[in-house]
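**Student:** Each protein sequence line maps, in turn, to chains Y, G, Z and W.
Count the first sequence with the numbering used here and you get residues 232 to 582, in order.
Count the second sequence with the numbering used here and you get residues 232 to 582, in order.
Count the third sequence with the numbering used here and you get residues 232 to 582, in order.
Count the fourth sequence with the numbering used here and you get residues 232 to 582, in order.
Here a beta-carbon is modelled for each residue, glycine too, at the ideal position from N, C-alpha and C.
No experiment lies behind these values; they were computed from the predicted model shown.
Have a look at this one.
There are 4 protein chains.
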Amino acid sequence: MTQARRRHDPAAKGFASDNYAGVHPEILQAIVLANEGHQIAYGDDVYTEALQEVFRAHLGPAAQVWPVFNGTAANVVGLRAMCASWEAVICAESAHIHTDEGGAPEVTGGLKLLTVPAPGGKLTPELIDRQAWGFGDPHRAQPKVVSISNATELGTVYTPQEIKAVCDHAHQLGLLVHLDGARVTNAAAALDVPLRALTTDAGVDVLSFGGTKAGLLYGEAVVVLNPEAARGVEYIRKTAMQLSSKMRFVSAQFEALLAGDLWLRNARRANAMAARLAAAVRDIPGVEVPRPVEANAVFAVLPKDVTVRLQKRFRFYTWDESTGEVRWMCAFDTTEADVDAFAAAIAEEMR
Amino acid sequence: MTQARRRHDPAAKGFASDNYAGVHPEILQAIVLANEGHQIAYGDDVYTEALQEVFRAHLGPAAQVWPVFNGTAANVVGLRAMCASWEAVICAESAHIHTDEGGAPEVTGGLKLLTVPAPGGKLTPELIDRQAWGFGDPHRAQPKVVSISNATELGTVYTPQEIKAVCDHAHQLGLLVHLDGARVTNAAAALDVPLRALTTDAGVDVLSFGGTKAGLLYGEAVVVLNPEAARGVEYIRKTAMQLSSKMRFVSAQFEALLAGDLWLRNARRANAMAARLAAAVRDIPGVEVPRPVEANAVFAVLPKDVTVRLQKRFRFYTWDESTGEVRWMCAFDTTEADVDAFAAAIAEEMR
Amino acid sequence: MTQARRRHDPAAKGFASDNYAGVHPEILQAIVLANEGHQIAYGDDVYTEALQEVFRAHLGPAAQVWPVFNGTAANVVGLRAMCASWEAVICAESAHIHTDEGGAPEVTGGLKLLTVPAPGGKLTPELIDRQAWGFGDPHRAQPKVVSISNATELGTVYTPQEIKAVCDHAHQLGLLVHLDGARVTNAAAALDVPLRALTTDAGVDVLSFGGTKAGLLYGEAVVVLNPEAARGVEYIRKTAMQLSSKMRFVSAQFEALLAGDLWLRNARRANAMAARLAAAVRDIPGVEVPRPVEANAVFAVLPKDVTVRLQKRFRFYTWDESTGEVRWMCAFDTTEADVDAFAAAIAEEMR
Amino acid sequence: MTQARRRHDPAAKGFASDNYAGVHPEILQAIVLANEGHQIAYGDDVYTEALQEVFRAHLGPAAQVWPVFNGTAANVVGLRAMCASWEAVICAESAHIHTDEGGAPEVTGGLKLLTVPAPGGKLTPELIDRQAWGFGDPHRAQPKVVSISNATELGTVYTPQEIKAVCDHAHQLGLLVHLDGARVTNAAAALDVPLRALTTDAGVDVLSFGGTKAGLLYGEAVVVLNPEAARGVEYIRKTAMQLSSKMRFVSAQFEALLAGDLWLRNARRANAMAARLAAAVRDIPGVEVPRPVEANAVFAVLPKDVTVRLQKRFRFYTWDESTGEVRWMCAFDTTEADVDAFAAAIAEEMR
């Protein structure tokens with residue numbers, strides 16, 4: 232047993248983020264199975280070849296999949312392939328690309344983000360119009376892409392109709408649509424619709440498909456649904472330092488996630504646990520659940536001293552210092568017992 | 232068994248690249264062991280904490296380690312942290328950063344490379360002087376870093392004395408030294424010296440430590456040996472889209488590689504197989520081995536028709552179309568039987 | 232007479248922008264006077280040497296001046312010299328760097344802008360706090376600079392006290408302050424204070440000093456007031472493609488503007504004409520002047536059909552399509568007759 | 232008289248660079264003539280409109296001209312408009328974009344340069360082939376543009392036939408051709424051919440047209456000869472901070488240069504003075520003129536102590552410290568008396 236393993240408490244689980252979880256055992260098994268002999272590096276392996284078919288079965292025959300290492304990269308590589316150097320991205324002020332990627336879109340991608348305050352984290356045609364102007368004026372970074380997230384950073388879920396409305400409006404304006412799908416499996420599971428209902432069928436052009444939060448060890452994918460919408464993904468992925476040499480293992484993981492229903496089982500579990508948690512705390516006096524719980528996130532407003540005490544027992548983040556709002560995320564490995572223990576602790580600390 | 236697994240011939244091995252190999256079983260075991268419960272994401276986990284100690288045991292108490300996803304990223308993040316936006320990197324014309332990274336240093340890093348033709352892929356003080364000039368002149372990208380690779384792209388190995396000569400000269404000129412160590416374990420094993428003899432003790436400032444070719448599933452590391460030499464690695468790693476959420480697994484792999492002697496066993500094996508291959512083919516009439524075989528690469532000149540026939544049986548790359556030179560890489564999983572079968576095939580095709 | 236000159240109506244003047252004006256005759260005379268013999272290129276000439284003294288006389292002995300070609304460049308070069316690659320700039324949502332530079336700060340500078348809705352275009356300590364957080368968190372682009380404009384895009388003027396409050400607050404937070412002074416001479420003239428009252432004495436670290444709108448043919452300057460606040464301006468200017476070869480002529484123009492009181496005469500004229508215009512139209516029934524007229528801009532709300540008819544007679548821009556707000560700028564060459572003719576036309580069209 | 236003017240010795244002329252010269256009087260006159268009333272800013276003025284016709288008269292009806300501030304910018308904006316982010320530029324090792332622009336192409340443009348040692352500074356089909364390979368391989372920055380300079384940095388001149396050979400070969404390979412024409416007027420004058428013989432008619436796709444060294448105050452132009460070859464110049468110019476507000480003055484200068492024969496007179500003068508200088512020094516014992524004198528540059532090898540003494544009397548640069556080679560540039564304002572005085576001084580110092 233290593234030094235590090237000794238310090239690792241395997242029983243500890245929390246509600247800080249769905250990427251605090253480890254790897255789903257079926258994913259790990261897929262890695263083990265792929266680990267024999269040699270495979271051509273950098274994506275010319277049989278696993279990556281097969282992955283194209285897996286994604287096409289879900290997202291239609293035009294889909295092209297380009298595995299990358301992480302979600303920030305999937306977003307930046309995809310957006311970069313959609314935009315010329317002078318083109319810009321319209322997104323919600325709460326979008327992950329704007330708030331949580333350390334400025335990677337601007338610093339590394341050279342992409343200007345045109346943000347809009349969006350209630351519930353969701354863009355609408357009306358909100359898009361607030362930034363979709365100035366076409367042809369070199370003094371204004373040219374709007375080119377509308378980027379939405381599903382599920383959103385605020386735990387809400389766009390319906391297929393809502394996404395279609397965004398896409399139709401964007402396309403009428405000559406804009407393309409990017410979907411940050413770090414939690415797209417949670418969104419599909421929440422609505423009980425196939426993945427393509429929220430993507431291809433709704434008119435999305437390019438998708439960041441999330442693997443890590445869905446149970447992978449590592450790996451996300453840029454999925455081009457409209458081949459006219461993206462250019463040079465292969466080269467951009469390389470210059471963005473996202474071309475994995477032993478790519479067979481990223482692809483084998485995704486195949487394990489998507490060839491059967493593992494993606495759905497994992498997402499349903501995470502969503503169900505969030506619903507269970509919300510139900511358990513909603514009636515505790517003094518706890519407010521101010522946002523709809525639609526996927527695997529629960530937002531709650533607690534007294535700050537309760538938050539402090541509770542964070543000593545379970546990991547989670549404060550979302551808004553000024554209001555005392557906190558965020559609790561459920562993962563594919565969150566159990567009913569985990570939720571019940573946490574809810575009990577909340578009740579206890581609130582007393 | 233998945234679609235992809237069915238297409239995967241586990242017996243197939245070749246000599247194309249050390250990253251065609253899979254994962255060493257002890258590394259895979261470390262991943263499995265780390266896969267329980269929750270760990271803080273993005274590097275605040277116990278494995279990454281322990282990794283600092285592991286690297287310091289090898290490289291001295293000042294070493295700081297920053298895991299990233301791949302080798303191109305380790306190089307670009309490290310160099311970016313060493314250079315202001317207007318500063319440039321002196322390297323051999325054959326350096327991986329110049330020839331094999333798709334332009335990532337320039338395109339993503341905004342780094343100008345000042346290249347020098349370097350026999351055997353190795354820089355010397357004299358060769359450095361060919362680009363180390365123009366200090367203070369804004370018309371010239373300001374030389375700031377000398378980047379060397381060990382083992383080199385040409386399969387040669389710098390000795391500690393050679394690296395020290397480079398570092399001393401660079402430091403006298405006010406330059407820093409970066410070492411691309413994608414195969415630094417092979418270099419250390421080849422010379423039978425500790426890792427620090429080729430790095431910290433020789434005066435290297437920042438190191439890209441290679442994991443993938445040494446047997447990891449994925450993962451490389453930026454290792455800052457001289458804390459004065461690099462600034463903002465933490466932030467640059469994030470904006471370079473190289474901050475892994477489930478970082479515990481990168482760190483656990485590196486711990487498995489470096490806490491014991493796995494790194495040395497793997498490197499010795501790969502080097503020994505290259506030596507065995509060179510010995511086996513050197514005397515085949517018509518085969519020339521034009522470069523010293525010092526690590527895990529063998530370069531050979533073959534008749535082109537032989538190369539064509541041989542590549543149908545074993546994967547490997549032509550290095551120089553004009554001369555018929557080919558490159559054969561051995562990996563940590565190359566066996567004596569693999570080498571002997573390949574050597575026999577070469578002999579057979581040459582007849 | 233050239234083709235172009237024949238098409239040029241020298242009598243035509245409008246209220247579209249202060250950069251529709253030409254060059255002040257005294258500036259042109261300075262160019263002519265500097266045009267003999269040879270001078271060292273790229274800034275090692277006697278005019279650029281003298282310019283340092285001219286700026287120091289205005290802005291204090293620590294000031295360093297770096298001429299560039301235009302205002303976008305002055306802003307991006309200055310900000311780039313203040314920020315490491317991962318650092319960000321807090322500014323008003325209406326800031327020129329955010330709205331009117333085609334995305335140059337992000338696309339070319341790799342700078343993330345953290346914007347705040349700012350009434351009247353002016354930041355305050357309270358507004359700065361809305362973005363000044365997340366220090367040390369690599370997921371957030373690190374706030375480093377507060378950038379303000381004086382006069383603002385909305386024609387308002389910060390007082391020395393207001394700037395000092397911004398600077399004191401920023402410095403307490405470890406932030407630096409950049410002032411976009413494309414119209415800093417108008418601001419100083421409006422308040423009847425010396426230039427240093429709005430810059431050096433108020434605590435500004437780096438200044439973009441506007442020349443073009445003040446009457447130059449071309450030329451702006453990055454002025455570093457706090458030498459600790461900027462790094463590598465010389466090199467950044469070159470890589471930003473802003474190093475003029477015949478720099479003597481930029482410097483000679485600035486000397487002509489600033490060695491005497493030309494800057495003040497020009498700014499006072501432009502401001503006075505805006506005041507005259509505002510006074511003339513304020514009482515026309517149906518015309519609203521919704522913002523304070525503090526420098527050389529007048530904003531007005533007109534019926535849209537009036538705007539359309541009026542724009543056929545005089546050039547000016549609509550500021551906000553939705554409200555019918557238009558913007559009228561006065562320049563150093565705007566005359567009382569120009570204003571009176573325009574005001575009469577407005578009155579006429581409103582009838 | 233200003234401070235600076237007093238320090239300015241109008242009689243001083245040297246041989247350091249053609250941009251040490253001032254402005255040709257006819258150019259200055261054009262500025263004065265354009266300086267009345269208002270003109271629309273940012274290029275929508277009558278001078279810039281007329282400029283299109285002027286350039287088309289020289290370079291054919293497809294030419295599109297985009298004025299910028301300086302030569303580095305013309306090169307980077309043009310190349311950026313020709314290349315996707317992952318595409319690279321083949322050029323001579325001695326090219327200005329590689330040696331003298333402070334790394335602007337890489338740092339600001341994100342462009343990788345693939346350099347070739349080129350005798351006399353001139354590329355040929357054979358030399359291009361040394362870098363024109365690796366198409367479709369994401370590990371190699373994709374060659375897209377061949378950039379040549381005429382006249383070259385070494386004072387040599389490509390003939391129309393030589394340029395055509397480069398262009399034909401490049402086009403066959405799917406590459407585009409960029410010509411850095413900082414001294415293209417000198418080249419055309421040297422060969423006594425029209426400008427289009429060296430550009431449009433030879434197959435050049437995009438041209439950087441040099442104004443400053445040809446006698447302008449400031450101003451260069453990106454000229455797109457093949458509209459298929461460049462994309463987004465208008466937007467790239469803005470984000471590259473090269474959109475001049477008072478553009479009428481850049482355009483008026485170019486019109487003055489090109490509408491008549493001023494460009495030719497200026498270039499002929501400079502070339503003739505270089506020829507005169509070469510003739511005068513070639514026979515001085517101990518002075519070697521190692522390169523052909525084809526345009527306005529003379530290279531000479533002198534004893535180093537002579538160079539030191541001579542540089543106290545006339546400004547010029549040492550080209551190669553190791554060989555003692557120096558460079559003497561003649562400008563549009565170099566007179567026979569200037570040359571004769573300089574040649575006499577050389578003879579004197581050599582005695």
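Going along the stretch 479-490 of chain Y in order, which residues come within less than 8 Å of chain W, judged by CB to CB distance?
**Tutor:** none
**Student:** Closer than 8 Å, CB to CB, is N410/Y near chain W or not?
**Tutor:** Numbered from its first residue, the first sequence carries residue 410/Y at position 179. It should be noted that the sequence gives Leu, not Asn, for residue 410/Y. L410/Y does not count as touching chain W.
**Student:** What in chain Y is Cβ-close to E337/Z, meaning under 7 Å?
**Tutor:** Counted from its first residue, the third sequence places residue 337/Z at position 106. Result: E337, G341, L342, K343.
**Student:** With DSSP collapsed to three states, give me the class of C398/W.
**Tutor:** If you number the fourth sequence from 1, residue 398/W lands on position 167. Helix.
**Student:** Does the beta carbon of A235/W come closer than 8 Å to any beta carbon on chain C?
**Tutor:** You won't find chain C in this structure, because its protein chains are Y, G, Z and W.
**Student:** Write down the C-beta distance between R500/Z and W297/Z rounded to the nearest angstrom, noting that I regard them as a contact closer than 8 Å.
**Tutor:** Taking the third sequence and counting its residues from 1, the one referred to as residue 500/Z is at position 269. Taking the third sequence and counting its residues from 1, the one referred to as residue 297/Z is at position 66. Between W297/Z and R500/Z the Cβ distance is about 28 Å, and since that is not below 8 Å, they are no contact.
**Student:** If you draw a straight line from the alpha carbon of H409/Y to that of M560/Y, how long is it in whole angstroms?
**Tutor:** For the purposes of this step, residue 409/Y is taken as residue 178 along the first sequence, with counting starting at 1. For the purposes of this step, residue 560/Y is taken as residue 329 along the first sequence, with counting starting at 1. Those two C-alpha atoms are separated by around 24 Å.
**Student:** Taking only the alpha-carbon atoms, compute the straight-line gap between V454/Y and W317/Y and give it to the nearest angstrom.
**Tutor:** Counting from one through the first sequence, the residue named residue 454/Y turns up at place 223. Counting from one through the first sequence, the residue named residue 317/Y turns up at place 86. Their Cα atoms are separated by approximately 23 Å.
**Student:** Can Y223/W and Q484/Z be called in contact, C-beta distance under 8 Å?
**Tutor:** Outside the displayed range of chain W (232 to 582) lies residue 223/W, so it cannot be described from this structure.
**Student:** Can you name the residues that DSSP bridges to Y548/G?
**Tutor:** If you number the second sequence from 1, residue 548/G lands on position 317. In the DSSP output, where bridge partners are listed per residue, Y548/G has R558/G.
**Student:** Who are T346/W's beta bridge partners in DSSP?
**Tutor:** One-based indexing of the fourth sequence puts residue 346/W at position 115. According to DSSP, which records beta bridges pairwise, T346/W is partnered with C322/W.
**Student:** If we ignore side chains and look at the alpha-carbon of each, how far apart do Q283/Z and Q295/Z end up?
**Tutor:** The residue given as residue 283/Z occupies position 52 in the third sequence. The residue given as residue 295/Z occupies position 64 in the third sequence. If I take the Cα positions, the gap works out to 6 Å.
**Student:** Along chain W, in chain order, which residues have C-beta atoms closer than 8 Å to that of E465/Y?
**Tutor:** For the purposes of this step, residue 465/Y is identified with residue 234 of the first sequence, where counting begins at 1. Under the 8 Å cutoff, chain W gives P369.
**Student:** Using beta carbons (cut-off 8 Å, strictly below), is W559/W in contact with chain G?
**Tutor:** As a first step, residue 559/W is located in the fourth sequence; it is residue number 328 there, counting from the start. No - not a single Cβ of chain G is within 8 Å of the one on W559/W.
**Student:** Mind pulling the chain G residues with CB within less than 8 Å of A315/Z?
**Tutor:** Taking the third sequence and counting its residues from 1, the one referred to as residue 315/Z is at position 84. Simply R462, G463, Y466.
**Student:** Report buried or exposed for S325/Z, applying the criterion of at least 16 other Cβ atoms within 10 angstroms of its Cβ.
**Tutor:** Your numbering for residue 325/Z matches position 94 in the third sequence. S325/Z should be labelled buried.
**Student:** Would you grab the beta carbon distance between A323/G and L354/G for me? Rounded to a whole angstrom, and I think it's under 8 Å.
**Tutor:** What you label residue 323/G is simply residue 92 of the second sequence in a count that begins at 1. What you label residue 354/G is simply residue 123 of the second sequence in a count that begins at 1. Between A323/G and L354/G, the beta carbon gap of about 6 Å places them in contact (Cβ cut-off 8 Å).
**Student:** For V512/G and V518/G, I'd like the C-alpha separation in whole angstroms.
**Tutor:** Stepping through the second sequence from its first residue, residue 512/G is reached at position 281. Stepping through the second sequence from its first residue, residue 518/G is reached at position 287. Using only the alpha carbons, I get a separation of about 7 Å.
**Student:** What is the DSSP secondary structure of K375/W, counted as helix, strand or coil?
**Tutor:** Reading the fourth sequence from its first residue, position 144 is the one you call residue 375/W. Assigned with DSSP and collapsed to three states, K375/W falls in strand.
**Student:** Do V520/Y and T538/Y have their beta-carbon atoms positioned less than 8 Å apart in this structure?
**Tutor:** Translated into positions along the first sequence, residue 538/Y becomes position 307. Translated into positions along the first sequence, residue 520/Y becomes position 289. No, the pair does not count as a contact, with Cβ atoms beyond the cut-off.
**Student:** Using a Cβ-Cβ distance under 8 Å, would S476/W count as near chain Z?
**Tutor:** Position 245 of the fourth sequence holds residue 476/W. Yes, its Cβ sits closer than 8 Å to a Cβ of chain Z.
**Student:** Step through the CB atoms of chain G and report whether any lies within less than 8 Å of the CB of Q373/Z.
**Tutor:** Counted from its first residue, the third sequence places residue 373/Z at position 142. Interface residue, yes.
**Student:** I'd like to know if D331/Z contacts chain Y, where contact means its C-beta is closer than 8 Å to some C-beta of that chain.
**Tutor:** Walking along the third sequence from the start, residue 331/Z turns up at place 100. Yes, its Cβ sits closer than 8 Å to a Cβ of chain Y.
**Student:** Rounded to the nearest angstrom, how far is the Cβ of C398/G from that of G434/G, given a contact under 8 Å?
**Tutor:** Here residue 398/G corresponds to residue number 167 of the second sequence, with the count starting at 1. Here residue 434/G corresponds to residue number 203 of the second sequence, with the count starting at 1. Contact holds; Cβ gap of about 3 Å.
**Student:** Check whether the Cβ of G443/Y lies closer than 8 Å to any Cβ atom in chain G.
**Tutor:** Along the first sequence, one-based indexing puts residue 443/Y at 212. According to the sequence as given, residue 443/Y is Thr; it is not Gly. Judged by the 8 Å Cβ criterion, T443/Y is in contact with chain G.
**Student:** Check each candidate in A265/G, C314/G, M472/G, Q234/G and name the one with the smallest Cα separation from V277/Y.
**Tutor:** Within the first sequence, residue 277/Y is the residue found at index 46, counting from 1. Ranking the options by Cα distance to V277/Y, first place goes to Q234/G.
**Student:** Taking Cβ-Cβ distances shorter than 8 Å, what residues in chain Y pair up with A265/G?
**Tutor:** Here residue 265/G refers to the residue found at position 34 of the second sequence. In chain order: A235, R236, H239, G253.
**Student:** Starting from the beta carbon of N301/W, find every residue of chain Z whose beta carbon is closer than 9 Å, and list them in chain order.
**Tutor:** Position 70 of the fourth sequence holds residue 301/W. Within 9 Å Cβ-Cβ: F300, M472, Q473, L474, S475, S476.
**Student:** So does the stretch 250-268 of chain G actually touch the stretch 474-492 of chain G, counting three or more Cβ pairs closer than 8 Å?
**Tutor:** yes
**Student:** Determine whether the Cβ of K244/W lies closer than 8 Å to any Cβ atom of chain Y.
**Tutor:** Here residue 244/W refers to the residue found at position 13 of the fourth sequence. No, its Cβ sits nowhere closer than 8 Å to a Cβ of chain Y.
**Student:** Closer than 8 Å, CB to CB, is N497/W near chain Z or not?
**Tutor:** Taking the first residue of the fourth sequence as position 1, residue 497/W is located at position 266. Taking Cβ atoms only, chain Z never reaches closer than 8 Å to N497/W, which makes this a no.
**Student:** Using beta-carbon positions only, say whether G351/Y and T383/Y come within less than 8 Å of one another.
**Tutor:** Residue mapping note: residue 351/Y aligns to position 120 of the first sequence, counting from 1. Residue mapping note: residue 383/Y aligns to position 152 of the first sequence, counting from 1. Result yes, Cβ atoms of G351/Y and T383/Y sit closer than 8 Å.
**Student:** Return helix, strand or coil for W494/Y, following the three-state DSSP convention.
**Tutor:** Along the first sequence, one-based indexing puts residue 494/Y at 263. Note: W494/Y maps to helix in three-state DSSP.
**Student:** Cα separation between G450/W and A509/Z?
**Tutor:** Residue mapping note: residue 450/W aligns to position 219 of the fourth sequence, counting from 1. Residue mapping note: residue 509/Z aligns to position 278 of the third sequence, counting from 1. So the alpha carbons of these two residues sit roughly 38 Å apart.
**Student:** Short of 6 Å in beta carbon distance, which residues of its chain neighbour V285/W, apart from the five on each side in sequence? Order them along the chain.
**Tutor:** Translated into positions along the fourth sequence, residue 285/W becomes position 54. Result list for V285/W: E486, L489, A490, in chain order.
**Student:** For P458/W, collect the residues of the same chain with a Cβ closer than 8 Å to its Cβ; drop the 5 residues on either side in sequence, then sort them by chain order.
**Tutor:** Counted from its first residue, the fourth sequence places residue 458/W at position 227. Cβ within range, chain order: A293, Q295.
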